[in-house]
Amino acid sequence: MKAQLILLVSLSSMICQAQVYVGPIAGGQLSWTKFDNDDFYNAYSITPVWGYHAGTNISLKVRNRFFLHTSFLYSVKGRAIKGMEDVLLRNKARYNFIEVPVVYAVDFRGRLPSGKEFKYYLGLGPNVSYWLGGKGKLYNSDLEENAEYAARDLEYKIVFYKQAGQANANEMNVSEPNRVQLGLNVAAGVAFEPQANRRLLILLRYELGHSFLSRSSNGTFIPTYYTDVLQSRNKGIRLSVSYMVDLRTQDRKKGKSTIRENRMK
26 MKAQLILLVS LSSMICQAQV YVGPIAGGQL SWTKFDNDDF YNAYSITPVW GYHAGTNISL
86 KVRNRFFLHT SFLYSVKGRA IKGMEDVLLR NKARYNFIEV PVVYAVDFRG RLPSGKEFKY
146 YLGLGPNVSY WLGGKGKLYN SDLEENAEYA ARDLEYKIVF YKQAGQANAN EMNVSEPNRV
206 QLGLNVAAGV AFEPQANRRL LILLRYELGH SFLSRSSNGT FIPTYYTDVL QSRNKGIRLS
266 VSYMVDLRTQ DRKKGKSTIR ENRMK
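First residue of the sequence shown? That's 26 in the working numbering, and the numbers climb one at a time after it.
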């Protein structure tokens, strides 16, 4: 217990002394999924869909050229499926997540033609996601034969844990979802400092999902026999922009007091 307390105090002291930038982050992303079983590609083709993300970004300087970047994000991903056996099949789904990507990065210095310096970095780290739900649109040959849906898509909401007969006609039920998912980030970025103690960060990240959307169940619908294959992993490319402020308020106050002293002289 004493050793754990000492470790906690030491970590807290390191964070307090470290250079920490905090600010909003937002951007767009292109996402898709990859089937675990390649045989599914004989029946379906997957294309990416556009989404977005927004939240708070934190950059912690851990050593001279090394930063730990992490974010707390609301993220919209998805995929679009077309049928190869059922040529009428189209299923476009968007998934909502809370995400915490972590990137351990090393900085390098560069210089613009104007002579202004900037920093660029490369990094790697885990991505932790929590699946909130989502929605989508579905059409296939079953629905074409259904008088209620023959002329329109089935618009559905993604729900979890419902038993047979509990779901509604406008829901896709995932009885055993994998709501906590892990992935891997490979990142590259550019950082500018437009003002002292300010940082503009542009981040490009490739996400390789490790966890399935569901390991043992598919998405099921009441109006059709079609099931959405969820033994698949999220993949995607994300471009983010973050404007951050240095939390070392003491240093900022020192800078202001120095300016005032110079003016008084």
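Every residue, glycine too, gets a C-beta built ideally from N, C-alpha and C.
Please work out which residues of its chain come closer than 7 Å, Cβ to Cβ, to I262, disregarding the five sequence neighbours upstream and downstream, and give them in chain order.
Q54, L55 and Y231
Exposed or buried, what is N287 when buried is set at 16 or more other beta-carbons lying within 10 Å of its beta-carbon?
Summary for N287: the model assigns pLDDT 48, below 50, so the residue's position carries little reliability, and this model does not support an answer.
What whole-angstrom Cβ distance do R258 and S236 have, given they're in contact under 8 Å?
7 Å
Are the beta-carbon atoms belonging to I123 and L157 less than 8 Å from one another?
yes
For S200, I'd like the list of residues in its chain whose CB is within less than 6 Å of its CB, leaving aside the five on either flank, ordered along the chain.
S242
Through-space distance from V211 to R273, alpha-carbon basis
Using only the alpha carbons, I get a separation of about 29 Å.
8 Å Cβ shell around E173 - same chain, five flanking residues per side excluded:
Closer than 8 Å at Cβ, skipping near neighbours: P248.
Expected contact under 8 Å - CB spacing of S70 and K107 to nearest Å
5 Å
Can you tell me which of V74, N152 and M197 puts its alpha carbon nearest to the alpha carbon of L209?
N152
Cα-Cα separation between W75 and L163, rounded to whole angstroms
Each residue's alpha carbon lies about 18 Å from the other.
Look at G161 and N116 and say whether their C-beta atoms are less than 8 Å apart.
yes
Quick one: is Q206 buried, meaning 16 or more other Cβ sit within 10 Å of its Cβ, or exposed?
buried
Taking 6 Å as the limit between beta carbons, can you name the residues of its chain near T72, skipping five residues before and five after?
A105
Mind checking who L98 pairs with in its DSSP beta bridge?
G80 and E124
Residue burial classification, F246 (beta-carbon count within 10 angstroms, cutoff 16):
So F246 ends up on the buried side.
For P219, which residues from the same chain have a beta carbon less than 7 Å from its beta carbon, with the 5 sequence-adjacent residues on both sides left out?
L225
D61 versus K144: straight-line alpha-carbon distance, rounded:
38 Å
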